[in-house]
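Q: So that we are looking at the same thing, I have put the structure below in C-alpha cells.
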Amino acid sequence: MANRGETSVGPTLATQRATDSGPAPGPGDGGEAAQVIDRREMLDRLLKLGAASLVAALASGASLSPLVAAAKGSETKQKYRYGMVIDTRRCVGCRSCVAACKAENKTPPDVAYIVVLEEALGEHTDDRPLFMAKPCFHCDDPPCVPVCPVGATFKRAQDGIVVVDYDRCIGCRYCLVACPYQARYFDFGANYPAVEEETSYAEVPSPEYRQFRVREEGESPIGNARKCTFCLHLQDEEGRYDRAAGRWPACSKTCTGRAIIFGDFNDPESEVSRLLKTRNGIRLKEELGTEPNVYYLV
Amino acid sequence: MSEKALKSAFWAVGVILILIGSWAWVDRWLNEHQNTDYGSVVPWGLWVAVYIYFVGLSAGAFLVSSLVYVFNIKRFERVGRLALFTAFVTLFIALLSISADLGHPFRFWHVLIYPSFESPMAWMIWLYSAYFALVSVELWFVLRHDFVVGSREQGRRGTLYRILSLGSREDSDEARASDRQIIRILATVGVPLVIMFSGGVGSLFGVVASRPAWSGGLFPVLFIVSALASGTALLALVSAVFQDGLRRNRQTVLALGTLALGLLLADVLLQLSEMLVGFYGNEPDKIASLELIFSGPYWWVFWFWQLGIGTVIPLALLALPSRRDPRLVAVACGLIVVGFLALRLNIIIPGLADEQLAGLTQAFSSPRISTDYVPSVMEFSFSAGLVGIGLVLFGLGEWLLPRERDQAPEEVSHVTA
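If you read the sequences in order, they're chains U and Y. Sequential numbering from 1 applies to the first sequence in this note's numbering. Sequential numbering from 1 applies to the second sequence in this note's numbering.
Right under this line is the structure:
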C-alpha cells in the first residue's frame, strides 16, 4: 500500500484556512509547487519574464502558466500520480461512496463528486446489472483546464489532481461544457434541510481544500464549478495519503465491496499499479486523448 | 392605426417588458441562480443563447456600418450611423444577458489580472471589451458634430446634447474633417476586430471536442455569416421604422433586404452542410443532437420558428416581387431577426442536452442533473426584459438622435467618410 503510516495526522489537519490574499487550494503544496499566483506575484513574474517571452507565448499559442512554471525551475516534475482502479465486478451498487463523499465534502443537493451509473446487462430484470462508480478522472490532459478564462482550474504539478480555485472562478461553466465525463457540477446554492433550517450542522465547515468554508449565501463555492478533489485535504505536508490513519479518499475508504482502489501510479508497488499490470484496465473515451487516471476493470 | 398609436404601443410594450424583466433581475440578485432551470448537464441555457444572439446582431450591424465608413459604399451611407447605434445597443444588451448568467459576475476583472491565453472564452471577453470601447468611441465621433449643433438649442434636448457632446464645441469644417479621419481609422480597425470577435464566439463552441454537435472548423465561419445575416436584417428593419424611414430610406431598405437575402442563403448553405454531413457521418452523439433538433421535444422550434418563420417565409418575401415593397422587405427582415433566436437556441440546447455517459441522469437524483431543459419563468422574464430595454433604447434613439439633415430623401449626398 502506498505511503502507509509514514506521517502523523495531527498537523496536516490543523493547517490554516485560506484567506483572501492567497486563494490557493491545497495548502499541502507547501508553497514550492503552488501554481496559483496572486496578482502582485503575477505582475512580478511578468516583468521578470520580459515582453519577449510573452510575445513568444502568444505566438506559439502556449499558455502563460507552464511558462511561468518553467521559469521557476524543475517543479513541473510530478511527484505522485494519483488515480483509481475501479473494479466493476466488485461493485454491488450500494452507493456508500456517494454518501461518504457527501459526508466528507459536505456537498449540496445538486452536487455529487462521485455517482454510480447503472445498466442492466441482459434482458431480464434479474439479470446481473453493471454498476460503474464515476468520480473525476483527473485526466493527464484535462479538457476542462485550458478552457477556463481565468486559470481558476488547473492540474496540480505535484500530484496531478485537478482542482478549482473557488475565489478565482467566475462561474462561466465552460469547464462543465468541456468535460466529456460530466465530472463537474455547478453549485446553484441549494441546501439540504439541515443547512436551510440553520441547525448546528450548518455551522460545520467543509474541509475541502482545507479552506474550511461555512456555507453562506452569495459566497463561494456557491456560483462556482465544483468537482472531486481525491479528498486532497487529507494529504499530509508531503502530499501523501495514509489509509491506515484514515486519510484516504472517502469513496475508496468506505467502499463495501473494495471496488474503488485508490493509489499512486508512480509507485510501482502500489495496489493500483499492480492491478493495472495484472488485469486489463480500460478507460472511457480514449479517443478524446484525455488520458484519464481512473481505470475500470470489467 | 395611426402613427401616434403605433408609437404609444411600442413604448407600452417596451416598458411592460422592462417591468417584467425587473422582477427577474431582482430575483436573480436575491436568489442567485436558484430559480434558473439550467443545470450541470445543460450548463448553458436561454441566457447564453440570448447573448450569442445579440452579439451576432451587433457584429452584423457593425460590419454593415463599415461598408459606409471603410468601403465608402454610397448606397448605405444614410444608415451608417444607425448601423453603429444598432451595434452599440445590441452589444450592450448582450452584456446584460451574460452578466446575469455568470456565477460571480463581479469577478469579471479576473480575466484581466489572471489572463489565460489558451482559453477561447478569455479571448472572447477581451475582444468583446475592445469592440465595445471601439463602437462607443466611433459612435460618439459620428454624432459629435450633431451634438455640438444641437447643444445650441434651448430646453431639455439642448441640455442633453450639451452633456452628450462632452464639452466639445468645435463645428468648423476642419473639425468635421478630423472626425471623418478618426471614424475611418476606427472603422478600419473595427472590421478585423469584429470578425475576430464573432469568429471567436464560434470557436468557443467549435473547440469543444466533447460536444460533437459543435466541434469542428465550421462554427467560427457559421457565426460570422450568421452575425452578418441577422445584423443586416435587423438594420433593414430598424432603417424602415426609425425616424420615418419607410418613406425616407426606401431604396436603402430595399438594398439591405437584398443583402440580407444573400447572407441568409449563405447561412442556410453552411447549416445544410453541417446537418447533412453530420447525418451521413452517423456518429452517434452527433446524430443524437441533430435528432433533438428535428424531432426532440422542441421540434417545433426548428420546423416552425427557425425554418418557417425565420427562413422560408422571409426568403419568399425577399425573392418574389414583394422584394420591391419596402414594407414587406421590412417584415421579411423582422422575421429573419426573430428566426435567428431559434437558430441560437438550437445551437446551445441540443448541443448540450445529451448524456455524456449513458445513464448519467439516472445516477443521481436532482433536477440539475437532467437533459430536459425548459427555461424557467424567471429566465424568460429576464430575457423579455432585455428585449424591452432594447425597444426603449431604440425608442429613445429615435426621439433624441439627430435626424438626417438632408431634406430630399434618397439623394446621394456628399461623401461623409
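Using N, Cα and C, we set each Cβ at its ideal position, and we do this for glycine too.
(1) Please report how far the alpha carbon of E286/U lies from the alpha carbon of S136/Y, in whole angstroms.
(2) Taking the beta carbon of L400/Y as the centre, do at least 16 other beta carbons fall within 10 Å, making it buried, or is it exposed?
(3) So, using beta-carbon positions, are S165/Y and I336/Y closer together than 8 Å?
(4) Does the beta-carbon of I282/U have 16 or more other beta-carbons within 10 angstroms, so that it is buried, or is it exposed?
(5) List, in chain order, every chain Y residue whose beta-carbon is nearer than 7 Å to that of R173/U.
(6) Helix, strand or coil for V294/U? Go by DSSP, reduced to three states.
(7) Should G262/Y go down as buried or exposed, given a rule of 16 or more other Cβ atoms within 10 Å for buried?
(8) Confirm, please, whether the CB-CB distance from S366/Y to L176/U is below 8 Å.
(9) Considering Cα atoms alone, identify which of V150/U, G160/U, Q158/U is closest to D167/U.
(10) Is the Cβ of A190/U closer than 8 Å to any Cβ of chain Y?
(11) For a test of the three-state rule: what should DSSP assign to K286/Y, helix, strand or coil?
(12) I want to verify the contact list: residues of chain U whose CB lies under 8 Å from the CB of R363/Y, in sequence order.
(13) Using a C-beta to C-beta distance shorter than 7 Å, which residues of chain Y count as neighbours of I260/U?
(14) How is V15/Y classed by DSSP in three states: helix, strand or coil?
(15) For F108/Y, go through chain U and note every residue whose CB falls closer than 8 Å to its CB, in chain order.
(16) Determine, for N224/U, whether the minimum Cβ-Cβ distance to residues of chain Y falls below 8 Å.
(17) Contact check, G223/U vs D165/U under 8 Å by CB: the rounded distance?
(18) Compute the Euclidean distance between the alpha carbons of Y201/U and V98/U, then round it to the nearest angstrom.
(19) For the pair the segment 164 to 181 of chain Y and the segment 140 to 155 of chain U, tell me if three or more CB-CB distances fall below 8 Å.
(20) Can you give the Cα-Cα distance for S383/Y and Q34/Y, rounded to whole angstroms?
(21) Give me the DSSP bridge partner(s) of F154/U.
(22) Whole beta strand (DSSP E) runs in the segment 202 to 260 of chain Y with 3 or more residues, listed along the chain?
(23) Distance check for D372/Y and S66/Y, CA to CA, integer angstroms please.
(24) Quick check on this structure: which residue in V329/Y, G200/Y, V238/Y has the alpha carbon closest to the alpha carbon of T258/Y?
(25) So A133/U and A250/U are in contact, right, with Cβ under 8 Å, and what is the actual spacing, rounded?
(26) In three-state terms, what does DSSP make of K79/U?
(27) Hey, D267/U and Y82/U: beta-carbon distance below 8 Å or not?
(28) Could you name each continuous alpha helix (DSSP H) segment of 4 residues or more that falls completely within the segment 46 to 107 of chain Y, going from the start of the chain to the end?
(29) Output the boundary residues of the alpha helix (DSSP H) element that contains Y185/U.
(30) So, helix, strand or coil for F262/U, using DSSP?
(31) In three-state DSSP terms, what is V116/U?
(32) Would you grab the beta carbon distance between A183/U and F137/U for me? Rounded to a whole angstrom, and I think it's under 8 Å.
A: Taking the geometry as given:
(1) Looking up residue 286/U in the first sequence gives position 286. Looking up residue 136/Y in the second sequence gives position 136. When rounded, the distance between both Cα atoms is 47 Å.
(2) Your numbering for residue 400/Y matches position 400 in the second sequence. It counts as exposed.
(3) For this step, residue 165/Y is matched to residue 165 along the second sequence. For this step, residue 336/Y is matched to residue 336 along the second sequence. Their beta carbons are not under 8 Å apart, which means S165/Y does not touch I336/Y by this criterion.
(4) To locate residue 282/U, count along the first sequence from 1; it is residue 282. By the 10 Å Cβ count, I282/U comes out exposed.
(5) Position 173 of the first sequence, counted from the first residue, corresponds to residue 173/U. Below the 7 Å Cβ cutoff, chain Y contributes P43, W44 as neighbours of R173/U, in chain order.
(6) Taking the first residue of the first sequence as 1, we reach residue 294/U at position 294. If DSSP states are grouped into helix, strand and coil, V294/U belongs with the strands.
(7) For the purposes of this step, residue 262/Y is taken as the residue at position 262 of the second sequence. G262/Y comes out exposed.
(8) Looking up residue 176/U in the first sequence gives position 176. Looking up residue 366/Y in the second sequence gives position 366. No.
(9) Taking the first residue of the first sequence as position 1, residue 167/U is located at position 167. Of the candidates V150/U, G160/U, Q158/U, the one whose C-alpha sits nearest the C-alpha of D167/U is V150/U.
(10) One-based indexing of the first sequence puts residue 190/U at position 190. Judged by the 8 Å Cβ criterion, A190/U is in contact with chain Y.
(11) In the second sequence, counting from the first residue as 1, residue 286/Y sits at position 286. K286/Y: helix per DSSP, three-state reduction.
(12) The residue labelled residue 363/Y in the question sits at position 363 within the second sequence. Inspection of the sequence shows that residue 363/Y is occupied by Ala rather than by Arg. Within chain U, the residues near A363/Y are V115, V116, L117, E118, K134.
(13) For the purposes of this step, residue 260/U is identified with residue 260 of the first sequence, where counting begins at 1. Here the premise fails: no neighbours, minimum Cβ distance about 15 Å.
(14) Stepping through the second sequence from its first residue, residue 15/Y is reached at position 15. The answer is helix: DSSP assigns V15/Y an H, G or I state.
(15) Mapped onto the second sequence, residue 108/Y falls at position 108. Simply I170.
(16) Within the first sequence, the letter at position 224 stands for residue 224/U. Yes, its Cβ sits closer than 8 Å to a Cβ of chain Y.
(17) For the purposes of this step, residue 223/U is identified with residue 223 of the first sequence, where counting begins at 1. For the purposes of this step, residue 165/U is identified with residue 165 of the first sequence, where counting begins at 1. With a Cβ gap of about 13 Å, G223/U and D165/U do not count as contacting.
(18) By one-based count along the first sequence, residue 201/U stands at place 201. By one-based count along the first sequence, residue 98/U stands at place 98. Distance between the alpha carbons of Y201/U and V98/U: 19 Å.
(19) no
(20) By one-based count along the second sequence, residue 383/Y stands at place 383. By one-based count along the second sequence, residue 34/Y stands at place 34. Each residue's alpha carbon lies about 17 Å from the other.
(21) Sequence index remark: in the first sequence, residue 154/U carries index 154 (1-based). Note: F154/U sits in a beta bridge opposite V163/U.
(22) none
(23) Taking the second sequence and counting its residues from 1, the one referred to as residue 66/Y is at position 66. Taking the second sequence and counting its residues from 1, the one referred to as residue 372/Y is at position 372. The straight-line gap from Cα to Cα measures roughly 42 Å.
(24) Here residue 258/Y corresponds to residue number 258 of the second sequence, with the count starting at 1. Of the residues V329/Y, G200/Y, V238/Y, the one whose Cα lies closest to the Cα of T258/Y is V329/Y.
(25) Mapped onto the first sequence, residue 133/U falls at position 133. Mapped onto the first sequence, residue 250/U falls at position 250. That pair is no contact at about 12 Å.
(26) For this step, residue 79/U is matched to residue 79 along the first sequence. Three-state DSSP puts K79/U in coil, outside helix and strand.
(27) As a first step, residue 267/U must be located in the first sequence, where it is residue number 267. As a first step, residue 82/U must be located in the first sequence, where it is residue number 82. Against a cut-off of 8 Å, the Cβ pair of Y82/U and D267/U comes out as no contact.
(28) With a minimum length of 4 residues, the continuous alpha helix (DSSP H) runs that stay inside the segment 46 to 107 of chain Y are 46 to 69, 80 to 101.
(29) The residue given as residue 185/U occupies position 185 in the first sequence. Careful: Y185/U lies outside any alpha helix (DSSP H), inside the beta strand (DSSP E) at 184 to 186.
(30) The sequence position of residue 262/U within the first sequence is 262, counting from 1. Residue state, collapsed to three classes: strand.
(31) Indexing the first sequence from 1 puts residue 116/U at position 116. DSSP places V116/U in strand when its eight states are reduced to three.
(32) As a first step, residue 183/U is located in the first sequence; it is residue number 183 there, counting from the start. As a first step, residue 137/U is located in the first sequence; it is residue number 137 there, counting from the start. Contact flag correct, Cβ pair sits at about 7 Å.
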